[in-house]
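Number 163 in the numbering used here belongs to position 52 of the sequence shown; there are no gaps in the numbering.
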Amino acid sequence: PVAGGSGISEIKATLNGIKIHRIVRLKTLFCKALGVLFSVSGGLPVGKEGPMIHSGAIIGAGLSQGKSSSFGLDTSWTKFKGFRNDKEKRDFISSGAAAGVGAAFGAPIGGVLFALEEGASFWHQNLTWRTFFCSMVSAFVLNLWSAFQNQDYGTGGEKWGHLGNQTGTLSFGSFDAENKSYAIWDVPIFLAIGMVGGLLGALFNQANTYLSLFRRATPALSHKYGRFLESLGICLVMSITSFWLPVAFGTCLPKSGPYADHLVQFYCPTGHYNDLASLYTVTGARSIMQLLHHTDDVSFTFVTLVVFFASFSVLACWTYGIAVPSGLFVPSLLAGAAYGRLWVHALVYFHIPHTAPVGMFALIGAASMLGGMARMTISLTVIILECTGVIEWGLPIMGNSFNHGLYDIHIHLRHLPFLEFDPPFYARYLRVYNIMGSNVIQLAHVAKAGDIFDMLKRTCHSGFPVVNELDKFCGIIQRKHLCVMLQRKDFSLNKPDPYTRKPAGEESFLYNEQSTYPRYPSITDIRLDSTERDLWMDLTPYMNPTPHTIQDQTPVPRAFRLFRSLGLRHLVVLNRHNQVKGIVSRKDLTPEHLKASLDHLSESEKLVIQGYFTRYSHHSEAIDKTMLRLSRVSDTA
């Protein structure tokens, strides 16, 4: 199941700090690569760019581990062992995602910006050159392999082994120098195209959201056999549509121009082509090329463009989310290019003067549709500029006022605790003690093995504060570390004195951690006999003595930014006496939990909070107005 869809939503959630099972497994890579091969070649309205980004992320995650439990591979004797931790794995996944963009579009700078804008939640300077290097290498390797194919669209074959003919799996082709110019009065038209295209992209997202909710609410469609039959049904409908729509609405036009050899005759007389069949019965990349470059006066009729845009958008919306590997880029670019060509017909019909080339309208329409669906404002613009090589057309197109991007929508549909860049507006009325988990299980720095074993059996927490005899906080230890200690039988017969053992190094605990990462032993697989239960465990060598902590009176926005910017799993809440009062985890910072915490505030707490804001801000919004606004927004707003 994890191989279905584009995978960008899952990778984005993984880089945000959410663990999704099997999302970066080697088996998932094979299923993804093989599945997208058949879904694209089978004629479905999907693209391969999203799955390529997911595949690149899987390769990056696999390289950082140097092992595969699925296939019994282990390279612990190499340097890979030092990369077996969450931080390095996230960085490698970000670099792999950037490499996927570089291979898909031949846009290495766009790959870096994609990883920054849509991928990595935690960024540092070293990650910039890592992602850029990976995306550059992937673009070069693709260019190298393309040189041996001896193909170049629209210009004929070049000599074997010559580089530079094709920079990515999706190419927009080359634009002539004389067809790049446009007048200043064309800019308002471009703005209108972008505005309407963004609205259409938002409409696409909303329709796909309702469709996804319907799939989840219908048992027949959520079952594995139902998903399989739905995929077969879409293939059948797409095949029927690709044949009968050109028969019913296609127009036979004479072939002309440099791209005439790539047009489809489809029951037309010799020397003619069916314009709708030339869009439906060829690959998505070739259809985009024809809409961008086959720009004669009678290249595509108005009826053909309307029928293609409407039918293809509906089919693409239906397809996105089914149990096949599918990307969003090509369907949205193709529908948007047809939408942009419709503007040309409208301008000609209403005699509105314009000087920009027809291909420019198609390109801006494609960018506006993709921008409205995916909301990748910066990276999308740079990717298009790198693909076209036309810096004069660098018009940023946005449409971000109506709903989330489609990737974010599917993250929320799966109820993943994804943290946005900024906290919700109502978080400023909350303090950490309002949202923290107060039922915290604390461990003594020296405890019996049986007590720790029983505690792990009855709880599912992943982190435990460690306190001394005076109940003063002295560190935190993770569940996985305790399980490794129990599995390795790191016990003492007599009660040891804390802080007397040497902290774990490469030859002791760190080696055990890296050899088991990321599949740590489960407490259900560990057994203790009656003698071992009475032995002692010293947690001080293995705990983190300097974790990030926060005071219970801290405003929630500050805790939110600290948690997200540092990529934390736990944030221990202390009082002024250095005693543990609670713990903040990812789920405590989700909009749903923050909204529920605000609803449960007592009247006295509301007055205290309102008094604080009134004292320090002359323009602070009253909390009753905030509660009214809160009742009108969704949980994910």
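The beta-carbon is built from N, C-alpha and C at its ideal position, and this holds for glycine as well.
Note that this is a predicted model, so its numbers are computed, not measured.
- Inter-segment contact for the region 539-547 and the region 656-666 is present: three or more beta-carbon pairs are separated by less than 8 Å.
- Between the alpha carbons of ILE304 and TYR537 lies a distance of about 35 Å.
- Beta-bridge analysis with DSSP links TRP647 to LYS559 and SER603.
- Note on geometry: alpha-carbon atoms of SER603 and ASP197 lie some 30 Å from one another.
- Scanning the region 193-218 from its first residue to its last, the whole alpha helix (DSSP H) runs of 4-plus residues come out as 197-216.
- In terms of Cβ geometry, SER389 and VAL375 form a close pair [threshold 7 Å].
- Exclusion of the five residues before and after GLY586 leaves VAL577, MET654, ASN655 and PRO656 as the residues of its chain whose Cβ lies within less than 6 Å of its Cβ.
- For GLN589, the uninterrupted beta strand (DSSP E) run begins and ends at 584-589, by DSSP.
- For CYS346, the enclosing alpha helix (DSSP H) covers residues 335-360.
- Take the alpha-carbon of ILE345 and the one of LEU255: they are about 36 Å apart.
- The C-beta separation of VAL157 from THR139 comes to about 17 Å, leaving the pair out of contact by the 8 Å criterion.
- Taking the C-beta atoms as reference points, ALA448 is found nearer than 7 Å to ALA473.
- Around the beta carbon of TYR450, 16 or more other beta carbons sit within 10 angstroms, so the residue counts as buried.
- Taking 7 Å as the cut-off, the beta carbon of GLY211 is found no closer than this to the beta carbon of MET247.
- HIS383: member of the beta strand (DSSP E) spanning 383-385, first to last residue.
- Judged by beta-carbon spacing, TYR518 lies beyond the 7 Å limit of LYS143, meaning their Cβ atoms are not closer than that value.
- For GLY693, the uninterrupted beta strand (DSSP E) segment begins and ends at 691-695.
- Judged by DSSP secondary structure, GLY128 falls outside any alpha helix (DSSP H); it is assigned neither H nor E.
- Between ASP533 and GLY128, the alpha-carbon positions lie close to 16 Å from each other.
- DSSP, reduced to helix, strand and coil, places ASN655 within a strand of the structure shown.
- Out of LEU673, ARG687, MET480 and SER342, the CA that lies nearest to the CA of SER696 is found in LEU673.
- It is roughly 19 Å from the alpha-carbon of VAL425 to the alpha-carbon of ALA478.
- Shown here for SER490: same chain residues with a beta carbon closer than 6 Å to its own, the five before and five after excluded, namely GLY221, LEU224, PHE225 and GLU228 in chain order.
- By the C-beta density criterion, ILE694 is buried, having at least 16 other C-beta atoms within 10 angstroms.
- Contact annotation: ALA560 and GLU643 have beta-carbon atoms nearer than 7 Å.
- Taking C-beta separations shorter than 8 Å and ignoring five residues to either side along the sequence, the partners of ALA172 in its chain run VAL135, LYS200, PHE203, ILE204 and GLY207, following chain order.
- Inter-residue distance for LEU530 and ASP710 is about 20 Å (C-alpha atoms, whole angstroms).
- The straight-line gap separating the alpha-carbon atoms of ALA421 and ALA457 is approximately 17 Å.
- Nearest Cα to GLN553 within the set HIS572, TYR460 and TRP647: HIS572.
- For the pair ILE351 and TYR391, the Cα-to-Cα distance works out to about 11 Å.
- By the beta-carbon neighbour count (other beta carbons within 10 angstroms, threshold 16), PRO299 is exposed.
- GLY678 and SER232 have their C-alpha atoms some 8 Å from each other.
- The shortest C-alpha to C-alpha distance from GLY308 to any of TRP647, MET484 and LEU174 is the one to MET484.
- Contact annotation, CYS594 with PRO652: C-beta distance approximately 16 Å; criterion of less than 8 Å not satisfied.
- Within the same chain, and ignoring the five residues on either side of VAL409 in sequence, the residues whose Cβ sits closer than 6 Å to its Cβ are LEU364.
- Between the alpha carbons of ASN385 and PRO702 lies a distance of about 52 Å.
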